[in-house]
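Let me begin by presenting the structure, written as structure tokens, before commenting on it.
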Amino acid sequence: MRLAILKERRAGEARVAATPETVKKLTGLGLEVVIESGAGAGARISDDEYKAAGAAIADASATVLRDADIVLKVRPPDAHEIAAMKSGAILVALLAPYTEKDTIAALAAHGVNAFAMEFIPRISRAQSMDVLSSQANLAGYKAVIDAAAQFGRAFPMMMTAAGTIAPARAFIMGVGVAGLQAIATARRLGAIVSATDVRPATKEQVESLGASFVAVIDDEFKQAETAAGYAKPMSAEYQAKQAALVAEHIKKQDIVITTALIPGRKAPVLVTEEMVATMKPGSVIVDLAAEQGGNCPLTRADEVVEAHGVTIMGYTNLPSRLAVDSSSLYARNLFNFVSLIVDKKTGALALNWDDEIVKGAGLTRDGQIVHPALKG
Numbered sequence: 024m025r026l027a028i029l030k031e032r033r034a035g036e037a038r039v040a041a042t043p044e045t046v047k048k049l050t051g052l053g054l055e056v057v058i059e060s061g062a063g064a065g066a067r068i069s070d071d072e073y074k075a076a077g078a079a080i081a082d083a084s085a086t087v088l089r090d091a092d093i094v095l096k097v098r099p100p101d102a103h104e105i106a107a108m109k110s111g112a113i114l115v116a117l118l119a120p121y122t123e124k125d126t127i128a129a130l131a132a133h134g135v136n137a138f139a140m141e142f143i144p145r146i147s148r149a150q151s152m153d154v155l156s157s158q159a160n161l162a163g164y165k166a167v168i169d170a171a172a173q174f175g176r177a178f179p180m181m182m183t184a185a186g187t188i189a190p191a192r193a194f195i196m197g198v199g200v201a202g203l204q205a206i207a208t209a210r211r212l213g214a215i216v217s218a219t220d221v222r223p224a225t226k227e228q229v230e231s232l233g234a235s236f237v238a239v240i241d242d243e244f245k246q247a248e249t250a251a252g253y254a255k256p257m258s259a260e261y262q263a264k265q266a267a268l269v270a271e272h273i274k275k276q277d278i279v280i281t282t283a284l285i286p287g288r289k290a291p292v293l294v295t296e297e298m299v300a301t302m303k304p305g306s307v308i309v310d311l312a313a314e315q316g317g318n319c320p321l322t323r324a325d326e327v328v329e330a331h332g333v334t335i336m337g338y339t340n341l342p343s344r345l346a347v348d349s350s351s352l353y354a355r356n357l358f359n360f361v362s363l364i365v366d367k368k369t370g371a372l373a374l375n376w377d378d379e380i381v382k383g384a385g386l387t388r389d390g391q392i393v394h395p396a397l398k399g
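Structure (structure tokens):
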């Protein structure tokens, strides 16, 4: 079977769906790997490195896609790429199913069996395929590094003969994978770190990393998490109390990093313009929800803007700003998924649609959109 790797054409996307390490593993499964020339340039991988790992190099995407049984990408394919795929081919990528509905419909119409890495079930058996975690971890790290580069002061406390420099204060809003890495990174840089989240279980995680937890801790907060670990909707009264606490806390912060995202919906507002206006001049906000409208209404996607003396950074693809490492992790996530659907002895396709992981990630099958979240 032939497996194709394409060069990413979306603006600002430097990642690639395979590395020499995973090419060796893919060929070890008995797959013929064909890579579009220059696909790894953004991740500092040359065509020669791919060749040495066992891949063939082709000059055009149409050539790469011709007769490809499996196609691996980072971002959704464009119309030309879809047209070049053969009916029955398998596509595995970050497909942004909630926003790329026309693309998903086109894939179904063309007979491509598409799998979205975002929809990989978060179960223990699929941890090695969890692209949301692998990429969010790097995004949280990069958010702090970008903030430190923009901030006009040092992060750690420094005691010098000329006097003492006070440490920066960083506030992380949302304690998922990105938030936890942001806390750890800001702490390593020497900042005084605080964090908030609506899930009670995160309090212990925050404190274990040496940060302080900011929340109105009452009976409603203690019951604010489902059995599956997700946040429950909070009452208007609780939200008002929490907003007042956060507003007072933000006044004292130098760095604010927001990470709240809800799949398929506009990002919730966490930092209002009124809050921004109370922050110290020179403070920095890094909004990791910029692609979905932002956690701050002043955020502009893929722009760095200043409002009320505060710099607001709205990069929409932070993992791509660390393309070498993010590609390495993403490529391993993809290999682990491919190894699930390919027979390791024969190298033939062994796609089991009853498998929980396959069913969870599957968007299109035999010309139809099959994922429950996208049907109807």
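In this text, residue positions in the sequence shown follow our numbering: the first is 24, and each later residue adds one. In this text, a Cβ means the ideal position worked out from N, Cα and C, and glycines have one as well.
Classification of residue 120 by the beta-carbon crowding that lies within 10 angstroms, buried from 16 upward: buried
Practice item. Mind checking which residues open and close the beta strand (DSSP E) that includes residue 138? Key: 136-139
Please classify residue 349: is it buried, with 16 or more other beta-carbons within 10 angstroms of its beta-carbon, or exposed? buried
Practice prompt. Assign residue 150 to one of three DSSP states: helix, strand, or coil.
Written response: helix
Checklist entry - According to DSSP, is residue 174 helix, strand or coil? => result coil
- Message: Between 139, 276, 174 and 93, which has its C-alpha nearest residue 195's C-alpha?
- Response: 276
| Which two residues bound the contiguous beta strand (DSSP E) that contains residue 330? | 327-330
(Q) Let's test the definition: count the other Cβ atoms within 10 Å of the Cβ of residue 98 and tell me whether it reaches 16, buried, or not, exposed. (A) buried
Leaving out the 5 sequence neighbours to the left and right, which residues in its chain are closer than 6 Å to residue 401 when beta-carbon positions are compared? Because the chain spans 24 through 399 in this model, residue 401 falls outside it and cannot be assessed.
When 244, 218 and 86 are compared against residue 234, the one with the closest alpha-carbon: 218
(request) Closer than 7 Å by C-beta to residue 131: which residues in its own chain qualify, once you throw out the five before and the five after it? Chain order, please. (result) 387, 390, 391 and 392
May I ask you to check if the CB of residue 196 is nearer than 7 Å to at least one heavy atom of the ligand FMN? Questions concerning the ligand FMN fall outside what the structure shown contains, since it holds no ligand whatsoever.
Quiz item: Which residues in the same chain as residue 174 place their Cβ atom closer than 6 Å to its Cβ, once the five residues preceding and following it in sequence are excluded?
Solution: 307
List the DSSP bridge partners of residue 235. 217
Local conformation of residue 71 per DSSP, three classes = helix
Item to check | Beta bridge counterpart(s) of residue 388 as assigned by DSSP | outcome: 391
_Minimum C-alpha distance to residue 46 - residue among 382, 357, 139 and 230_ = 357
(Q) As a quick exercise: from 346, 365, 160 and 398, pick the residue whose alpha carbon is nearest that of residue 50. (A) 365
Rounded distance between the beta-carbons of residue 32 and residue 57, thought under 8 Å: Their Cβ separation, rounded to whole angstroms, is 17 Å, which puts residue 57 and residue 32 out of contact at 8 Å.
Alpha carbon to alpha carbon, what distance is there between residue 146 and residue 301?
42 Å
Could you please give me the residues that DSSP links to residue 194 through a beta bridge? 217 and 279
Rounded to a whole number of angstroms, what is the C-alpha to C-alpha distance between residue 86 and residue 27? 10 Å
Q.
Taking a contact to mean a Cβ-Cβ separation below 8 Å, would you say residue 214 touches residue 163 in this structure?
A. no
Let's see if you can read the secondary structure: which residues bound the beta strand (DSSP E) around residue 57? 55-59
Report task. Write down the C-beta distance between residue 38 and residue 353 rounded to the nearest angstrom, noting that I regard them as a contact closer than 8 Å. Result -> 6 Å
Considering Cα atoms alone, identify which of 65, 54 and 101 is closest to residue 35. 65
What's the C-alpha gap between residue 342 and residue 182? 35 Å
Margin query: Within a Cβ cutoff of 8 Å, which residues of the same chain sit near residue 376, ignoring the five residues on either side of it in sequence?
Written below: 382, 385 and 388
**Between the CA atoms of residue 299 and residue 140 - distance to the nearest angstrom** = 35 Å
Exposed unless 16 or more other CB atoms sit within 10 angstroms - verdict on residue 153 | buried
* To do: Counting only the same chain and skipping the five closest in sequence on each side, list residues whose C-beta sits under 8 Å from that of residue 289.
  => 315 and 316
In DSSP terms, what residue 310 is bridged to = 281
(request) Would you kindly work out how many angstroms separate the C-alpha atoms of residue 43 and residue 180, rounded to a whole number? (result) 42 Å
- By how many angstroms is the C-alpha of residue 325 removed from the C-alpha of residue 101? 21 Å
TODO: Assign residue 36 to one of three DSSP states: helix, strand, or coil.
DONE: coil
Would you kindly check if the distance between the Cβ of residue 193 and the Cβ of residue 221 is under 8 Å?
no
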